[in-house]
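Numbering (the numbering used here), first residue to last: 7 to 245. A virtual CB, placed ideally from N, CA and C, is assigned to each residue, including glycine. Just so it is clear, the structure is predicted and the values come from calculations on it, not from any experiment.
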Amino acid sequence: MSVAQNQLVDYIDDLRDAVDAETCLTITQRHVSRLGFQNVVFTYTKRPRNIEGVLPSYLRHSSIPKAWEERYREMGYQNHCPLYRESLRRSNLPMIWHDVINKSEFSPLLAQIADEAENSGLIDGISVPIVEPNGDRCGIGISTDAAKSEAKRLVNAHLPSIFLMSHHMHAFVVDRFVDHGSNDDVKSLTDSELRCLQWVTKGKSNWEISEILSVSENTIKYHVRNILTKMDVTNRTAA
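Here it is, written out as structure tokens:
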């Protein structure tokens with residue numbers, strides 16, 4: 007076997023010993039560090055289910071510096087970050103950070119976000135979105151703090167390995183550490199409805215969501231009505 011194949015086999019063997027999702031993150035971080043990467047973030051969002059007793063609908067584990075994560079949330083950078091927007095648009099294709107940023111329209115705010123991320127050690131990376139057939143969504147991000155030219159080389163060289171490792175991490179975490187519950191009586195939400203619901207749960211108004219997603223307010227009202235119907239609830243708070 008090649009070096010890359012041996013590394014993947016070793017990674018899978020180590021994942022089998024994981025006792026929880028946090029251990030999976032630690033194992034993944036250890037293995038990607040051998041490829042020149044430092045930080046790993048794993049998010050798993052369950053499609054809304056009209057049942058009680060399931061585990062939290064949002065699972066997140068991250069080794070990204072907490073100061074940067076807090077800054078990102080407090081400043082609402084997700085509303086302007088091209089990486090975040092692109093992750094919502096894609097289904098299962100990996101995303102190289104510098105490619106997405108280079109294709110984005112320049113703005114002073116985008117430059118500010120990029121500079122602050124780099125100052126936090128997030129120079130470049132790879133994101134792997136995964137959408138399951140039932141609508142559950144997973145996102146895995148791997149980043150490096152290497153100098154820009156070296157970071158770009160690492161990302162391009164190790165994209166296949168990171169992609170495979172991300173899918174194995176997703177499979178292990180979901181299979182072993184996520185309570186799927188029963189969802190036979192719940193209709194699937196569309197990708198557009200899922201994106202809309204994400205902002206509804208954060209307390210955003212229809213107008214605010216329309217601005218964030220760059221669609222008309224009437225479109226958002228339509229999605230919200232469908233969400234409430236499918237989830238069998240009568241108001242946004244219940245959703």
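Between the segment 11–18 and the segment 119–135 there are fewer than three inter-stretch CB-CB distances shorter than 8 angstroms, so the stretches are not counted as touching. Looking at the backbone, the Cα of E214 and that of R91 are separated by about 15 angstroms. Minimum Cα-Cα distance from L195 among the listed residues K72, G209 and Y228 corresponds to Y228. V206 places its beta carbon less than 9 angstroms from that of V230. The segment 156–176 makes contact with the segment 132–140; the number of CB pairs closer than 8 angstroms reaches 3 or more. Cβ-Cβ distances below 6 angstroms link A157 to I129, D130 and T150 in the same chain, with the five nearest sequence neighbours on each side left out; the list follows chain order.
According to DSSP, Y50 shares a beta bridge with L65 and C144. No Cβ-Cβ contact shorter than 9 angstroms links F48 with G141. The residue among S167, D26 and Y17 with its C-alpha nearest the C-alpha of V180 is D26. Here L41 is actually not in contact with S69; their C-beta atoms are around 15 angstroms apart, not less than 8 angstroms.
Sixteen is the threshold: when 16 or more other Cβ atoms of the shown chains lie within 10 Å of the Cβ of T34, as they do, the residue is buried.
When DSSP reads this structure, V38 sits in no beta bridge, so it has no partner.
Exclusion of the five residues before and after H86 leaves L115 as the residues of its chain whose Cβ lies within less than 6 angstroms of its Cβ. The DSSP assignment places 103–109 and 114–125 as complete runs of the alpha helix (DSSP H) inside the segment 101–131, in order along the chain (cut-off: 4 residues). Collapsing the DSSP output to three states places N98 in coil.
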